[in-house]
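To start, the structure itself, in structure tokens.
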Ligand code: MF3
Ligand code: CO
């Protein structure tokens, strides 16, 4: 069952998503050589709590932090720690906030200092693939129309999409139906209906699409050690254009 949110629920979700997006922006602004990933996580935690919200990821299936911070060849679910960011790193930051009964979920990859032209291109293609995908996030299309558009754009730029992790419905639960893969043939999966809220989140690898989960059970790295980037927003299907809920004012 895919939850269709009514206006009352959407107003709460918009507020949760606004906090989430602001947390992403403040974390991104902290990405500089010399800071530890743990310091960024602490700031994300403190900001979310200061807004009267709760970090969605903290203790989710035992996850030990508020943000996932994934550097260079780490794709997703990097656990913040004592690693000191250095010039040239690319840093994926994924955050979630739970507020008034609803979750927001969003991520982006930020350059630390000056990064290589190739790293910058990977970041830009990953972000743009999200926007290619949501061209199909309109009523009447099917979920895999989004997936197909993302994959086509990414692969036409010489990169690969991660297969073993996917986007998802988001709302009262962090992970709801449907799954939103970043690959696949068009015309499959549920038809999109106004009131659906989806976390659309391409994970894009510079090399092969294969990934490996480290012994900590979370940290997911590229199988070939090459770079990976991530971009995610919580998106509402409407009667017209999709509405990106994880947006920031000012920041
Ligand atoms: N944005 C990720 C997701 O949607 C973050 C989950 S991390 C976890 O799956 F720690 F909460 F699992
Ligand atoms: Co997500």
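Residue numbers (the working numbering): 2 to 252.
Virtual Cβ for every residue (Gly too), placed ideally from N, Cα, C.
Leaving out the 5 sequence neighbours to the left and right, which residues in its chain are closer than 6 Å to residue i when beta-carbon positions are compared?
i: residue 249; result: 22, 23, 26
i: residue 146; result: 137, 187
i: residue 18; result: 105, 235, 246, 247
i: residue 130; result: 151, 154, 155, 203
i: residue 85; result: 37
i: residue 1; result: The requested residue 1 does not occur in the structure, where the chain is confined to residues 2 to 252.
i: residue 237; result: 198, 244, 246
i: residue 46; result: 56, 67
Judging by CA-CA distance, which residue of the options is the nearest neighbour of residue i?
i: residue 20; options: 202, 8, 104; result: 104
i: residue 171; options: 228, 198, 143; result: 198
i: residue 208; options: 242, 128, 120, 232; result: 120
i: residue 162; options: 99, 45, 127; result: 127
i: residue 123; options: 224, 191, 73, 85; result: 73
i: residue 39; options: 28, 83, 75; result: 83
i: residue 160; options: 189, 114, 125; result: 125
i: residue 76; options: 157, 109, 44, 51; result: 109
i: residue 2; options: 48, 157, 193; result: 193
i: residue 179; options: 157, 166, 144, 42; result: 144
Using a Cβ-Cβ cut-off of 7 Å (strictly less than) and excluding sequence neighbours within five positions of residue i, which residues of its own chain qualify?
i: residue 175; result: 57, 61, 97, 104, 106
i: residue 164; result: 184, 210
i: residue 102; result: 13, 173
i: residue 224; result: 209, 211, 212, 213
i: residue 5; result: 194, 196, 197
i: residue 29; result: 94, 109, 111
Compute the Euclidean distance between the alpha carbons of residue i and residue j, then round it to the nearest angstrom.
i: residue 151; j: residue 9; result: 31 Å
i: residue 201; j: residue 69; result: 16 Å
i: residue 247; j: residue 226; result: 30 Å
i: residue 182; j: residue 118; result: 28 Å
i: residue 35; j: residue 80; result: 18 Å
i: residue 184; j: residue 71; result: 22 Å
i: residue 195; j: residue 87; result: 43 Å
i: residue 149; j: residue 134; result: 8 Å
i: residue 78; j: residue 67; result: 11 Å
i: residue 222; j: residue 16; result: 33 Å
i: residue 1; j: residue 141; result: The structure shown has nothing for residue 1, since the chain only spans 2 to 252.
i: residue 112; j: residue 228; result: 12 Å
i: residue 91; j: residue 230; result: 8 Å
i: residue 242; j: residue 64; result: 35 Å
i: residue 116; j: residue 89; result: 4 Å
i: residue 214; j: residue 206; result: 15 Å
i: residue 191; j: residue 11; result: 21 Å
i: residue 99; j: residue 59; result: 11 Å
i: residue 94; j: residue 32; result: 10 Å
i: residue 219; j: residue 239; result: 34 Å
i: residue 114; j: residue 177; result: 36 Å
i: residue 169; j: residue 244; result: 16 Å
i: residue 157; j: residue 43; result: 38 Å
i: residue 54; j: residue 189; result: 36 Å
i: residue 52; j: residue 139; result: 31 Å
i: residue 41; j: residue 132; result: 27 Å
Cutting at 8 Å between CB atoms, please list the residues of its own chain near residue i, excluding the five before and the five after it.
i: residue 7; result: 196
i: residue 166; result: 76, 77, 204, 212, 221
query: Counting only runs that start and end within the stretch 146-230, where is the beta strand (DSSP E) found for 3 or more residues in a row?
result: 168-170, 177-181, 198-201, 204-206, 212-214, 221-223
task: Can you check the stretch 64-146 for any alpha helix (DSSP H) of at least 4 residues that lies completely inside it and give the ranges in chain order?
output: 118-135
field: Contained alpha helix (DSSP H) runs [length at least 4] in the stretch 16-53, N- to C-terminal order
entry: 38-51
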